[in-house]
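Asker: The numbering used here numbers the first residue of the sequence shown as 78 and each following residue consecutively.
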Amino acid sequence: MSEIRFQSIAMHKALSKVIPGGVNSPVRSCKAVGVCPLIAVKGSGALLYDLDGNEYIDYCGSWGALMHGHAHPDVIQVIKDTAERGTSFGISTPLEEQLAAAVIKLMPSIQKIRFVSTGTEATMSAVRLARGFTGRDLIVKFDGHYHGHADFFLIQAGSGALDLEGTPASQGIPKEFVKNTICLPFNDLEALQQLFAHEEIRERLAAVILEPIAGNMGVVPADKAWMHVLRDLTAKNGTLLIFDEVMTGFRVAKGGAQSLYGIVPDLTCLGKIVGGGLPAAAFGGRAEIMDRLAPLGPVYQAGTLSGNPLAMAAGIKALELLDAPGFYEELEKKTKRLVDPIQKLIAQESLPYCIQSVGSMLTLFVGASQVTNAQEARGLDAEGFSHLFQKLLNLGIYIPPLQQEAWFVSMAHTGEQLDRTAECVIEILSSVCYAGR
Ligand code: PMP
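#1: Expressed to the nearest angstrom, what Euclidean distance is found between the alpha-carbon atoms of residue 358 and residue 109?
#2: Would you mind reading off the limits of the beta strand (DSSP E) that contains residue 216?
#3: With a threshold of 7 Å (Cβ to nearest heavy atom), would residue 303 be considered close to ligand 1?
#4: I'd like the span of the alpha helix (DSSP H) that includes residue 337, first residue to last.
#5: To which residues does DSSP link residue 147 through a beta bridge?
#6: Residues near ligand 1, CB to any non-hydrogen atom under 6 Å, in chain order?
#7: Using 8 Å as the Cβ pair cut-off and three pairs as the minimum, do the segment 142-162 and the segment 474-489 touch?
#8: Taking residue 303 as the reference, which of 179, 263 and 166 has the closest Cα?
#9: Comparing C-alpha positions only, which one of 131, 411 and 305 sits nearest to residue 338?
#10: Round the Cβ separation of residue 360 and residue 203 to the nearest angstrom and send it over; I've been treating them as touching at under 8 Å.
#11: What whole-angstrom Cβ distance do residue 354 and residue 134 have, given they're in contact under 8 Å?
#12: Where DSSP assigns a beta bridge to residue 132, which residues make up the other side?
#13: So residue 334 packs on residue 322, CB below 8 Å; how close in whole Å?
#14: Please report the residue range of the beta strand (DSSP E) in which residue 328 lies.
#15: Considering only C-alpha positions, which residue in the set 209, 156 and 293 is nearest to residue 224?
#16: Given a threshold of 16 other Cβ atoms within 10 Å of its Cβ, counted over all protein chains shown, does residue 182 qualify as buried or as exposed?
#17: Taking DSSP as the reference, what is the three-state secondary structure of residue 273?
#18: Just list the alpha helix (DSSP H) runs in the segment 137-204, keeping only unbroken ones of 4 residues or longer that don't cross its boundaries, in chain order.
#19: Which residue's Cα is closest to the Cα of residue 88: 327, 117, 380 and 102?
#20: Please determine, among 82, 492 and 103, the residue with the shortest C-alpha to C-alpha distance to residue 479.
#21: Suppose contacts are defined by Cβ-Cβ distances below 8 Å. Is residue 341 in contact with residue 186 by that definition?
#22: Going by DSSP in three states, residue 483 sits in which element: helix, strand or coil?
#23: So what does DSSP say about residue 314, is it helix, strand or coil?
#24: With a 10 Å radius around its C-beta and 16 neighbouring C-beta atoms as the bar for buried, classify residue 448 as buried or exposed.
#25: Where does residue 516 sit, in a helix, a strand or coil, going by DSSP?
#26: In whole angstroms, give me the CA-to-CA distance for residue 414 and residue 495.
#27: In three-state DSSP terms, what is residue 294?
Listed below in structure tokens is the structure:
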């Protein structure tokens, strides 16, 4: 494995002249780990190749979109076949019906669905629909959860349920734009109960949105009992419960996180896997809510490229592949093959790390024995993670360049690649810890 990345460095410089930070999405900049970002030129299965010809085992998988690995031949074939007949019409196609039916079959809480192009559009539109349906203004999100970059989601630190005026302006926009968002600590029963006990606020709550298994502060699942309380409180109050399953949908189980928790949300947002590696996302739920959308209802929502035929075709193929018998059992076996030996070492040696995983998404946290909320996720060992990332990169293993993210195992990862990764991680963890003793 070569560590040489001269051409990538030069290209990053060229990109930086014309694109802010040289990237079209900030986390790609590798700022948190202090290295020059990767410049990708090719992917095949679980492998990724950079501009300098270096090969990496990829655990980012386009941030979870690539359930079947890079350039899966069946997915590529349907994209090619579809492209030959035209790339976009701005008119409905039979492919939209096919993908809608496939999603509805796997996620029965969705009776009707609308396709959009990005996860941000899906969550943004779901919130608009919830406001239109309930006639209420406030939305609740949880600290550390990411729902895309619409203004009203850009709020980070938990401000406390009742502190409406004090919601902190965050992430570069003035406070007024997040005034109608309440940000609560995740997995905190008291905060939830306090919120719904407040009569004035309660009557204004249009929706609660959450990642049922958070992936954007690293993998942090919701506590089951807490989740059921949340479902009860929202249902009793006429507040819509929106599951943002952009990351967990078809990832943690065929039926998403909702199937694992046994919860029926009012609306679900999907992205990543549903587009098979192309730009597609969706939101859907009960027909009575979805039918409030234009043209049937007054809630406006639209998109030039929504339901794009290439993305629909790739999504249909991706869902068809994961619907095969034994698919999730096999994927979980693969994930365990990576996770188990590392976890064994951590336990045996009482190392200051932990792995949290659900299905085929996982995070190796540095400097914590457990992470249950955003506050704990902020207190991790950033330097330790940076060291781990750099060492792995030099060994030809690419993990997401931020600790508060999920690693993704795909069906394309081979036993050999998973074993090699586990060995490399174990070697790095051992050497750091023994050096420190
Ligand atoms: N919701 C969740 C849970 C996500 O993980 C993401 C993206 N990582 C989004 C929404 C936003 O999706 P997109 O980047 O496609 O806009």
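Note that CB positions come from ideal geometry on N, CA and C, so glycine has one too.
Note that the structure is a prediction, hence the values are computed from the model and not measured.
Answerer: By the coordinates alone:
#1: 28 Å
#2: 215-219
#3: no
#4: 333-338
#5: 122
#6: 140, 195, 196, 197, 200, 223, 224, 225, 288, 292, 293, 321, 323, 324, 348 and 358
#7: yes
#8: 263
#9: 305
#10: 4 Å
#11: Between residue 134 and residue 354 the Cβ distance is about 18 Å, and since that is not below 8 Å, they are no contact.
#12: 126
#13: 6 Å
#14: That residue, residue 328, is in no beta strand (DSSP E); it is neither H nor E in DSSP.
#15: 293
#16: exposed
#17: helix
#18: 138-141, 150-160 and 171-183
#19: 117
#20: 103
#21: yes
#22: coil
#23: helix
#24: buried
#25: One cannot answer for residue 516 here, as it falls past the ends of the chain, which runs 78 to 514.
#26: 7 Å
#27: coil
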